[in-house]
Amino acid sequence: MRIVILKSLLSQALQTISKAIPTRTTKPILYGVYLEVFATHIQLTAYDQEIGIQTIVHPTDDPEPTLQIEQTGSIVLHAKYLLDIVRKLPHKLVRIDVTDLTATIRSGSATYTLNGMDPREYPHLPSVTEEMSLSMPSNVLISLIEQTAFATATSEIRPTLTGVLFSFVEPQLRFIASDSHRLSIHSIYAETKYSYDKLEAIIPGKSLNELLKILPDSEEFTDIYIADNQLLVTFGATKFYSRLIEGQYPDISRIIPTTWRTAIEVDPKQFTESIERAALLARENENQVIRLYLRRTHIEVTSNSPDIGKVTETIDPISFEGDDLQIACNAKFLLDALKALNNYQVRIEFTSPGSAFILKPTNSDRPLHLILPVRFGPNT
Amino acid sequence: MGRIHVLEDLVANQIAAGEVVERPAAAVKELIENAIDAGAKKIQVIAKDGGLTLLEVQDDGSGIAPEDVKLAFLRHATSKLRNLGDLSKLRSLGFRGEALPSIAAISKVTLRTRIADAEEGVQVRFEAGQLVEQTPVGCPKGTRVTVQDLFYNTPARLKFVRSLQTENAHIVDVVARAAMARPDLSFRVQIDEREALHTLGDGSAFSAFTAIQGRNLAKAALWLSLTSPDYALAGLIVAPEFARKSRSDMWFAVNGRPIRSVALGNAVLAGYSTLVPKGRFPVVAISLSMNPTLIDVNVHPSKTEVRFSEERDVCALLTEAVKQTLEKGVASPIVQSLQQDTASVMTHTKEGSIVAETSSASTGRSLLAAKPATSWSQQVVHEQVSDKKAMQVALDLFGVHSAKPKIIPHVDRQVADSVKEEEKFPLHRQLRAVAQVLKLVIVAEDGEDIYLIDQHAAHERVLYEAFLGKIRRRENYPLPLLVPLTIELHAAKIELLMQYEVQAADFGLRFEPFGEGVIRVTHVPSIWEGLDIAKLAHDAIYDLLEERKVTAFQNEIEDKVIMRACKAAIKANSTMSQMEMDALLEAMQKLDNPFTCPHGRPTAIRITRSQLEREFRRTL
Numbered sequence: 001m002r003i004v005i006l007k008s009l010l011s012q013a014l015q016t017i018s019k020a021i022p023t024r025t026t027k028p029i030l031y032g033v034y035l036e037v038f039a040t041h042i043q044l045t046a047y048d049q050e051i052g053i054q055t056i057v058h059p060t061d062d063p064e065p066t067l068q069i070e071q072t073g074s075i076v077l078h079a080k081y082l083l084d085i086v087r088k089l090p091h092k093l094v095r096i097d098v099t100d101l102t103a104t105i106r107s108g109s110a111t112y113t114l115n116g117m118d119p120r121e122y123p124h125l126p127s128v129t130e131e132m133s134l135s136m137p138s139n140v141l142i143s144l145i146e147q148t149a150f151a152t153a154t155s156e157i158r159p160t161l162t163g164v165l166f167s168f169v170e171p172q173l174r175f176i177a178s179d180s181h182r183l184s185i186h187s188i189y190a191e192t193k194y195s196y197d198k199l200e201a202i203i204p205g206k207s208l209n210e211l212l213k214i215l216p217d218s219e220e221f222t223d224i225y226i227a228d229n230q231l232l233v234t235f236g237a238t239k240f241y242s243r244l245i246e247g248q249y250p251d252i253s254r255i256i257p258t259t260w261r262t263a264i265e266v267d268p269k270q271f272t273e274s275i276e277r278a279a280l281l282a283r284e285n286e287n288q289v290i291r292l293y294l295r296r297t298h299i300e301v302t303s304n305s306p307d308i309g310k311v312t313e314t315i316d317p318i319s320f321e322g323d324d325l326q327i328a329c330n331a332k333f334l335l336d337a338l339k340a341l342n343n344y345q346v347r348i349e350f351t352s353p354g355s356a357f358i359l360k361p362t363n364s365d366r367p368l369h370l371i372l373p374v375r376f377g378p379n380t
Numbered sequence: 001m002g003r004i005h006v007l008e009d010l011v012a013n014q015i016a017a018g019e020v021v022e023r024p025a026a027a028v029k030e031l032i033e034n035a036i037d038a039g040a041k042k043i044q045v046i047a048k049d050g051g052l053t054l055l056e057v058q059d060d061g062s063g064i065a066p067e068d069v070k071l072a073f074l075r076h077a078t079s080k081l082r083n084l085g086d087l088s089k090l091r092s093l094g095f096r097g098e099a100l101p102s103i104a105a106i107s108k109v110t111l112r113t114r115i116a117d118a119e120e121g122v123q124v125r126f127e128a129g130q131l132v133e134q135t136p137v138g139c140p141k142g143t144r145v146t147v148q149d150l151f152y153n154t155p156a157r158l159k160f161v162r163s164l165q166t167e168n169a170h171i172v173d174v175v176a177r178a179a180m181a182r183p184d185l186s187f188r189v190q191i192d193e194r195e196a197l198h199t200l201g202d203g204s205a206f207s208a209f210t211a212i213q214g215r216n217l218a219k220a221a222l223w224l225s226l227t228s229p230d231y232a233l234a235g236l237i238v239a240p241e242f243a244r245k246s247r248s249d250m251w252f253a254v255n256g257r258p259i260r261s262v263a264l265g266n267a268v269l270a271g272y273s274t275l276v277p278k279g280r281f282p283v284v285a286i287s288l289s290m291n292p293t294l295i296d297v298n299v300h301p302s303k304t305e306v307r308f309s310e311e312r313d314v315c316a317l318l319t320e321a322v323k324q325t326l327e328k329g330v331a332s333p334i335v336q337s338l339q340q341d342t343a344s345v346m347t348h349t350k351e352g353s354i355v356a357e358t359s360s361a362s363t364g365r366s367l368l369a370a371k372p373a374t375s376w377s378q379q380v381v382h383e384q385v386s387d388k389k390a391m392q393v394a395l396d397l398f399g400v401h402s403a404k405p406k407i408i409p410h411v412d413r414q415v416a417d418s419v420k421e422e423e424k425f426p427l428h429r430q431l432r433a434v435a436q437v438l439k440l441v442i443v444a445e446d447g448e449d450i451y452l453i454d455q456h457a458a459h460e461r462v463l464y465e466a467f468l469g470k471i472r473r474r475e476n477y478p479l480p481l482l483v484p485l486t487i488e489l490h491a492a493k494i495e496l497l498m499q500y501e502v503q504a505a506d507f508g509l510r511f512e513p514f515g516e517g518v519i520r521v522t523h524v525p526s527i528w529e530g531l532d533i534a535k536l537a538h539d540a541i542y543d544l545l546e547e548r549k550v551t552a553f554q555n556e557i558e559d560k561v562i563m564r565a566c567k568a569a570i571k572a573n574s575t576m577s578q579m580e581m582d583a584l585l586e587a588m589q590k591l592d593n594p595f596t597c598p599h600g601r602p603t604a605i606r607i608t609r610s611q612l613e614r615e616f617r618r619t620l
């Protein structure tokens, strides 16, 4: 195979697929990117058996050539080395010549010779029938992921909780994530090519975080396909595959409280800063507990670490409804939720010191974040 | 009147006893050595209250002639040597003639003895070194020494006696070591009317080892045997996963004498290399045979230390023997028991199975105990220990009868084969990865047994061997130092060091004399870059002087490789696809040593089919 390609174009494609290159594996070929050159385009594939990414680069009609295909062929090259090399190359254009399993990479006056691996040994990407699909703008999918993926569990004790529940009940698509101490839900109305009664899948949170890094923040449409145990997301010239988590996601329908006794509205930025200050002293205790004293006149944010000291800060809420209340919770959960709601004015609804409270935009129920408080000690 | 006077015998003997009989176990040691030297086949030791109220050693040896009995209690009276020349050719355990008088000086001793062709025996009683009674007596052939009220007249010593349990343990330990050194003799120890140890004396090292260390360790033991023109080594070394926290189970015997030796211990550790983690010590029982002129046992009255005239040779040979033995047959660690005696029924059947197994094991090993052994002490002392002779001695020691030296290699191979068959990780079998569990362990099977493989440790070992290979192939060149290192050394040592100038330069280390008592290091190996050069240079030079070879930086580099392998290896708590598991197992099968990670932890645990069948009580 022989190609000449714009360095930036190749580097961007490599950057995209590198999300599916494992950092550690016992199967060395998985460190490689599968580079295929066809008569009309080139295709790059990486697949670490958990997620797979495939992207295609076409020649464009620009006056200056971006991709010139001289001879077709394929090779597997160590992705990390290739990406590092391409980034550092001195010239705008890169020439790659492959004979047998050796790639020669030239740019300006620099020449690299890279040992390749046999493409026949590269694993095949899973096949996903493109029947069951949903379409939505890329930035909508981004917001679905951003509002939920952070709340997934990191421990494997309950494997289903490490994923985000993808639940489509026409016409609403909901993303739900929980680590059993907090829960985040976001939903949208999605278009479908066909009509389904119900479509459910659990997508690994890790996969969604990787997807987030390569999804374009634009109105461009993405298609989501769900097969038996695979997810496929296509956008532009890129296909993103992920394994799905098997199992039954817990029923969350009755977890979300419908009534409240105390409700406040806060500016997420100001509230975040106060909590970050209080959390400085909460770092020492295991679950970073901070306390909120909600009063009609003001809100007090405190944290007390017996070995270090204590902090108190008062803030004025934008609005306050209902009764005074004291509640304690994990500062990190609160900060995560506030960060997700950064662009909204936030309403927080409490029921009692011992029951879950929710954070959401002032005049909407989407997205919604629920946090379980920490039990209050009698004299703290 | 002058102030200097000769000490009374009793005082002199009590002082001597201080060196020889520091605790009851030491008295036992002296007495069983006497018994062994008397050619006993069966030796029985009885102790009560830690040996303080009663110690009795009975043997079926040659006995003492009536006219010699009183002499035996005189200091420096011995039948074992006559002149200094004998000392260097000594094959008996005792020779100083101090044991009996020393013990008699600090206790009440009754000795009854009969020689084979006497019609009646004789009994003598000593108290605090004084003869109080001598009577003819009827008794079996041999000697019985009864020591009562040990230390009764040396309260200072009595004060230092530890708890009775400790003293009991020491007594058993002393006898066990002697029994291991002489598997051709039967030892029986009774402590407070309870049998604490019984070796059969069938000449089989394996059977002695089983009696002493238990069935589990014996099953995990490998047979070690190596001979050189001057030395013969034979013994059992236990698979690394049974390593202990102290050196106390590394047993050595030289010419049938149990000894303690840090040097030999270190040589064994060097043989185990990365198979045991730092601070762990394998269980071994190794006998060395050599011409007595090559050792000096007269280092300390208790004779548990010896000096080798060529210690380096002995240690190198031992390291090599251990290495070879482990390479031939390191077993993948076998799970000892899947569940700890959950029900009494279970325990009961287990015991049943233990009995059955022991007997089958011993018949399986009976090759080792083909015929009653001849004890080397009765053999002609050979001035020149030839290869064959050495081997013969070694095999005799472990009870392989060697009337026809020709058959020995055959027997040996059979033994080795049976060990291999039983213990070795079946590398030729293809392991199939069944599943990953807990994101930590790969479950694999080979159609016969189950393997639990630690994904991180196994991958670490794979990478370690790959990286090490790369580093060994890497070019190493002398790296010049802008500011040379100076090391102060004794002038004589500098002389010695300069002899190795060329050898060191091969590794990239260059140095030259720099004035009086100082050398200057001008170049260091390039692979030291980024390491503590001053320390490495110092260590390397020290190594050159001590070991006559450069080793220091190799260890340092090994550490580096271990670190790198550890970092690049797949971590616990990461999912592995089937493809990755298969790749790992395949890579493992190509390793030199797939069974431990470079830190010395095991990579795989094997659960055999028969173990499973036993646990599920399909078979008993």
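If you read the sequences in order, they're chains A and B.
Taking UniProt numbering, the leading residue of the first sequence gets 1, the next gets one more, and so forth.
Taking UniProt numbering, the leading residue of the second sequence gets 1, the next gets one more, and so forth.
Glycine residues also receive a C-beta, built at the ideal position from the N, C-alpha and C atoms.
Taking the alpha carbon of proline 268 of chain A as the reference point, which residue from A:Thr262, A:Glu276 and A:Arg182 has its own alpha carbon closest?
Closest option to proline 268 of chain A, Cα to Cα, is A:Glu276.
Against chain B, which members of the stretch 38–53 of chain A pass a CB distance test of less than 9 Å?
Cβ contacts with chain B: Asp48, Gln49 and Glu50.
Close-in-space but distant-in-sequence residues of the same chain around alanine 110 of chain A (CB under 7 Å, 5 per side omitted):
The answer, listed in chain order, is Leu89 and Pro90.
Could you check whether the Cβ of arginine 24 of chain A sits closer than 9 Å to any Cβ belonging to chain B?
Closer than 9 Å to some Cβ of chain B, the Cβ of arginine 24 of chain A qualifies, so yes.
Would isoleucine 562 of chain B count as contacting chain A if we go by Cβ distances under 9 Å?
With 9 Å as the cut-off, isoleucine 562 of chain B does not count as an interface residue toward chain A.
How many Å lie between phenylalanine 221 of chain A and tyrosine 189 of chain A at the Cα?
A direct Cα-Cα distance of roughly 14 Å separates phenylalanine 221 of chain A from tyrosine 189 of chain A.
Only counting the same chain, and skipping five residues up and downstream in sequence, which positions put a Cβ closer than 8 Å to that of isoleucine 15 of chain B?
Here the set comprises Leu7.
When the Cα atoms are used, what is the spatial distance from glutamate 445 of chain B to asparagine 342 of chain A?
Roughly 53 Å separates the two Cα atoms.
Short of 9 Å Cβ to Cβ, which residues in the stretch 34–59 of chain B face chain A?
Answer in chain order: no residues at all.
Considering Cα atoms alone, identify which of A:Ile255, A:Asp324, A:Tyr122 and A:Leu6 is closest to residue 398 of chain A.
A query on residue 398 of chain A cannot be resolved here, the shown segment of chain A reaching from 1 to 380 and no further.
Can you tell me which of the three DSSP states glycine 51 of chain B falls into?
The answer is helix: DSSP assigns glycine 51 of chain B an H, G or I state.
Which runs of the alpha helix (DSSP H) spanning at least 4 residues fall entirely within the stretch 181–230 of chain A, listed in chain order?
Listed in chain order, they are 205–214.
Span separating the alpha-carbon of glycine 322 of chain A from that of serine 167 of chain A
Near 34 Å, if we compare the C-alpha coordinates of serine 167 of chain A and glycine 322 of chain A.
Isoleucine 3 of chain A burial status per 10 Å Cβ neighbour count (16 or more: buried)
Isoleucine 3 of chain A is buried by the Cβ-count criterion.
Classification of arginine 3 of chain B by the beta-carbon crowding that lies within 10 angstroms, buried from 16 upward
Result: exposed.
If threonine 110 of chain B and valine 69 of chain B are in contact, beta carbons under 8 Å, what's the gap, nearest whole angstrom?
That pair is no contact at about 12 Å.
Cut-off 6 Å between Cβ atoms - residues of its own chain near alanine 253 of chain B, not counting five sequence neighbours on either side:
Hits under 6 Å: Ala181 and Ser287.
Where asparagine 330 of chain A falls: helix, strand or coil (DSSP):
Of the three classes helix, strand and coil, the one that applies to asparagine 330 of chain A here is strand, per DSSP.
Cβ neighbours of arginine 157 of chain B in the same chain (closer than 6 Å, five flanking residues each side left out)
Excluding sequence neighbours, arginine 157 of chain B sits near Phe151.
At a Cβ threshold of 9 Å, is valine 462 of chain B touching chain A?
Interface with chain A (9 Å Cβ-Cβ cutoff): valine 462 of chain B is included.
Name the residue from B:Tyr500, B:Gln213, B:Met250 and B:Leu54 whose alpha carbon lies nearest to the alpha carbon of valine 262 of chain B.
Check the Cα spacing between valine 262 of chain B and each of B:Tyr500, B:Gln213, B:Met250 and B:Leu54: the tightest is with B:Met250.
Looking only at C-alpha atoms, which of B:Pro282, B:Arg260 and B:Ala285 sits nearest to leucine 307 of chain B?
Reading off the sequence, residue 307 of chain B comes out as arginine, not leucine. Among B:Pro282, B:Arg260 and B:Ala285, the Cα nearest to that of arginine 307 of chain B is on B:Arg260.
Can you list the residues of chain B that lysine 27 of chain A reaches, using a CB-CB cut of under 7 Å?
Listed by position along chain B, the residues whose Cβ is nearer than 7 Å to that of lysine 27 of chain A are Met579, Glu580 and Ala583.
Chain-ordered residues of the stretch 447–460 of chain B with a beta carbon less than 9 Å from chain A
Residues passing the 9 Å Cβ filter: Gln455, Ala458 and His459.
What residues from the stretch 141–170 of chain A come within 7 Å of chain B, judged by C-beta to C-beta, listed N to C?
Cβ contacts with chain B: Glu156.
What are the complete alpha helix (DSSP H) segments, minimum 4 residues, inside the stretch 114–182 of chain B?
Within the stretch 114–182 of chain B, the runs of alpha helix (DSSP H) that reach at least 4 residues and sit entirely inside it are, in chain order, 155–159 and 164–181.
Going by C-alpha distance, which of B:Gln324, B:Ala587, B:Asn298 and B:Gly517 is nearest leucine 236 of chain B?
Selected option, being the one with the closest Cα: B:Gln324.
Does any residue of chain B bring its CB to less than 9 Å from the CB of leucine 244 of chain A?
For leucine 244 of chain A, the answer is no, since every Cβ of chain B falls outside 9 Å of its Cβ.
Just the Cα atoms here: how many angstroms apart are glycine 469 of chain B and isoleucine 212 of chain B?
If you take the alpha carbons of glycine 469 of chain B and isoleucine 212 of chain B, they lie about 41 Å apart.
For alanine 208 of chain B and alanine 221 of chain B, the rounded distance between their alpha carbons:
Each residue's alpha carbon lies about 12 Å from the other.
Buried versus exposed call for tyrosine 477 of chain B [16 or more other C-beta atoms within 10 Å across all chains shown]
Looking at its Cβ environment, which holds fewer than 16 other Cβ atoms inside 10 Å, tyrosine 477 of chain B is exposed.
Beta-carbon gap between valine 172 of chain B and alanine 99 of chain B smaller than 9 Å:
Taking 9 Å as the cut-off, the Cβ atoms of valine 172 of chain B and alanine 99 of chain B do not count as close.
Classify glycine 121 of chain B: buried if its beta carbon has 16 or more other beta carbons within 10 angstroms, exposed otherwise.
Classification of glycine 121 of chain B: buried, given that the 10 Å Cβ count is 16 or more.
So proline 123 of chain A contacts chain B; which residues on that side make the cut at Cβ distance below 9 Å?
Under the 9 Å cutoff, chain B gives Ser577 and Met579.
Is valine 161 of chain B closer than 9 Å to leucine 52 of chain B when the C-beta atoms are compared?
Yes, they are a contact pair.
For leucine 30 of chain A, decide whether its Cβ has a neighbour in chain B, counting only Cβ atoms nearer than 9 Å.
By this cut-off, leucine 30 of chain A is an interface position.
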